[in-house]
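J.: The sequence shown lines up with residues 108 to 279 when you count with my numbering. Below you'll find the structure I mean.
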Amino acid sequence: PEYIRLERRLSQKAQEKGYLELNDLKDIADWGGNQHGIRERLRRNNSEAGIRLATSRAIKKLSNHSEALEAMLQIRHWGLSYATKTLRCVAPESYPALDQKLRKGISKDLLPAIHDGHVDSIIRGYLAFVKLCQLIRQQTAEAGPRPGRVWFLADIEMALFQFTWEGGTLIS
108 PEYIRLERRL SQKAQEKGYL ELNDLKDIAD WGGNQHGIRE RLRRNNSEAG
158 IRLATSRAIK KLSNHSEALE AMLQIRHWGL SYATKTLRCV APESYPALDQ
208 KLRKGISKDL LPAIHDGHVD SIIRGYLAFV KLCQLIRQQT AEAGPRPGRV
258 WFLADIEMAL FQFTWEGGTL IS
């Protein structure tokens with residue numbers, strides 16, 4: 108329920124205002140577990156204007172996964188995991204989050220190695236993950252959890268996260 112409220116609020120704000128603010132990203136950090144003090148590092152290393160600029164660029168580019176992610180990666184100390192968590196909150200129908208737990212639980216045959224710090228590698232790996240989630244959604248016969256019984260990519264990612272959290276490994 109906490110995540111659903113966060114998703115609703117941030118996706119609505121993105122549509123209405125076209126940007127997110129520092130406090131919105133702090134809420135995402137809290138929801139994501141605030142690993143390694145990410146919320147404080149975010150605050151110390153970014154300005155409100157910088158956050159608004161990066162998130163507005165990403166929101167304008169939501170139709171292009173590469174460009175939206177690249178815009179989010181401009182936020183210092185935010186990284187792949189939190190950049191994709193942000194995109195997931197803004198557009199859950201098209202964006203899954205990709206964190207370290209999922210990266211470890213998915214075979215390299217399905218998800219190429221991602222070299223943190225190398226933007227091209229990060230984007231290439233994320234695009235492979237998006238395609239994997241799209242493929243799973245296409246092959247899922249069960250009714251989805253969203254209104255109209257549809258699956259958003261965020262729902263597929265959450266199912267994969269739970270699977271890997273419980274020790275499963277996704278292989279080809």
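For each residue, glycine too, the CB sits at the ideal point set by N, CA and C.
Note down, in chain order, each residue of its chain lying with its Cβ closer than 6 Å to the Cβ of T191, except the 5 sequence neighbours on either side.
T.: In the sequence shown, counting from the first residue as 1, residue 191 sits at position 84. Closer than 6 Å at Cβ, skipping near neighbours: A204 and L205.
J.: What separation, rounded to the nearest whole angstrom, lies between the Cα atoms of P254 and S118?
T.: Counted from its first residue, the sequence shown places residue 254 at position 147. Counted from its first residue, the sequence shown places residue 118 at position 11. If you take the alpha carbons of P254 and S118, they lie about 16 Å apart.
J.: Quick check: the stretch 239–247 against the stretch 172–189, are at least 3 beta-carbon pairs closer than 8 Å?
T.: no
J.: According to DSSP, which residues form a beta bridge with L277?
T.: For the purposes of this step, residue 277 is identified with residue 170 of the sequence shown, where counting begins at 1. BP columns for L277 point to I213.
J.: Looking only at its own chain, which residues have a Cβ that is under 6 Å from the Cβ of L127, when we skip the five neighbours before and after it?
T.: Position 20 of the sequence shown, counting from 1, holds the residue named residue 127. Answer for L127: T162, listed in chain order.
J.: Flag this pair as yes or no: are the beta carbons of W138 and L113 separated by less than 8 Å?
T.: The sequence position of residue 138 within the sequence shown is 31, counting from 1. The sequence position of residue 113 within the sequence shown is 6, counting from 1. The answer is yes: Cβ separation under 8 Å.
J.: Relative to the C-alpha of R210, which candidate in E174, L239, S201 and T193 has its C-alpha closest?
T.: Residue mapping note: residue 210 aligns to position 103 of the sequence shown, counting from 1. It is L239.
J.: State the CB to CB distance for the pair G149 and K133, rounded to an integer number of angstroms; the pair is presumed to be in contact (CB under 8 Å).
T.: Within the sequence shown, residue 149 is the residue found at index 42, counting from 1. Within the sequence shown, residue 133 is the residue found at index 26, counting from 1. First, the amino acid is wrong: residue 149 is Leu here, not Gly. L149 to K133, Cβ: 7 Å. Contact.
J.: Does DSSP put Q142 in a helix, in a strand, or in coil?
T.: In the sequence shown, the residue the question calls residue 142 occupies position 35. Residue state, collapsed to three classes: helix.
J.: Note the first and the last residue of the continuous alpha helix (DSSP H) segment covering D227.
T.: Position 120 of the sequence shown, counted from the first residue, corresponds to residue 227. Per DSSP, D227 belongs to the alpha helix (DSSP H) from V226 to Q246.
J.: Since I230 contacts L160 with CB under 8 Å, what's their CB separation in whole angstroms?
T.: For this step, residue 230 is matched to residue 123 along the sequence shown. For this step, residue 160 is matched to residue 53 along the sequence shown. The Cβ separation is near 19 Å, so there is no contact.
J.: So, with DSSP's three-state summary, where would you put S188?
T.: Within the sequence shown, residue 188 is the residue found at index 81, counting from 1. If DSSP states are grouped into helix, strand and coil, S188 belongs with the helices.
J.: For A136, which option in S201, L194 and G275 has the closest C-alpha, if you only look at C-alpha atoms?
T.: The count along the sequence shown starts at 1 and reaches residue 136 at position 29. A136 has its Cα closest to that of L194, out of S201, L194 and G275.
J.: What's the call for G232, buried or exposed, on a 16-neighbour Cβ count within 10 Å?
T.: The residue given as residue 232 occupies position 125 in the sequence shown. The residue in question, G232, is buried, as its Cβ has 16 or more Cβ neighbours within 10 Å.
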